[in-house]
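Notes to accompany the following structure.
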Amino acid sequence: MKRADAERLAGVLKAFADPARLRLLSLIQSAPEGEASVSDLTAPLGLSQPTVSHHLRILTEAGLLERDKRGVWAYYRLVPSAIGTIADLLTPPRKRATKKTR
Numbered sequence: 002m003k004r005a006d007a008e009r010l011a012g013v014l015k016a017f018a019d020p021a022r023l024r025l026l027s028l029i030q031s032a033p034e035g036e037a038s039v040s041d042l043t044a045p046l047g048l049s050q051p052t053v054s055h056h057l058r059i060l061t062e063a064g065l066l067e068r069d070k071r072g073v074w075a076y077y078r079l080v081p082s083a084i085g086t087i088a089d090l091l092t093p094p095r096k097r098a099t100k101k102t103r
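Below is the structure:
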């Protein structure tokens with residue numbers, strides 16, 4: 002694994018390494034429109050709005066979420082390729098080659 006890939010992966014895994022953030026990803030992914038605002042997420046998590054916003058910022062900076070500002074609301078959705086990219090980085094090169102030839 003190249004150094005740049007390792008540094009990026011470490012940052013993403015650090016963002017994953019929090020139960021609230023994992024739950025946020027799950028809640029956003031399962032939302033009817035595939036997106037959610039902070040107000041949609043505070044009650045299910047049982048966390049305050051500033052805390053949820055903090056976690057969403059970290060996930061966005063890690064490249065796992067996209068943020069779309071609409072008026073005073075911001076909506077978050079998963080970056081479609083983010084999870085696949087992480088899986089590829091975690092897969093040993095030999096297995097990646099085998100996986101692609103299938």
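Each residue of the sequence shown is one higher than the one before, counting from 2 in my numbering. Each residue gets a CB set at the ideal place from its N, CA and C atoms; glycine is no exception.
Best match in the options for proximity to residue i [C-alpha to C-alpha]
i, options, result
"Gly72", "Leu79, Thr43 and Ser38", "Ser38"
"Glu34", "Ser27, Arg78 and Asp89", "Arg78"
"Leu25", "Ala88, Glu8, Leu90 and Ser54", "Ser54"
"Trp74", "Leu14, Arg22 and Glu36", "Glu36"
"Gly64", "Leu14, Ala83 and Ala32", "Ala83"
"Lys28", "Gly85, Tyr76 and Asp6", "Lys is not the amino acid found at residue 28; the sequence shown has Leu there. Among Gly85, Tyr76 and Asp6, the Cα nearest to that of Leu28 belongs to Tyr76."
Residue-level contact to chain C via CB, residue i, 8 Å cutoff
i, result
"Met2", "Here chain C cannot be found, since the structure has a single protein chain."
As assigned by DSSP and simplified to three states, the class of residue i
i, result
"Leu79", "strand"
"Leu65", "coil"
Status (buried if at least 16 other CB within 10 Å, exposed otherwise) for residue i
i, result
"Ala177", "Given that the chain is displayed from residue 2 to residue 103, the structure contains no residue 177 and the question cannot be resolved."
"Arg58", "exposed"
"Ala44", "exposed"
"Arg22", "buried"
"Leu91", "exposed"
Separation of residue j from residue i, as counted between CA atoms
i, j, result
"Thr61", "Ile87", "15 Å"
"Val80", "Glu8", "19 Å"
"Pro51", "Ala32", "21 Å"
"Val13", "Asp89", "13 Å"
"Gly47", "Asp69", "23 Å"
"Glu67", "Leu42", "15 Å"
"Met2", "Gly85", "16 Å"
For this session: Output the residue ranges of the alpha helix (DSSP H) runs that lie fully inside the region 10 to 50 and measure 4 residues or longer, sorted by chain position.
Result: 20 to 31 and 39 to 46
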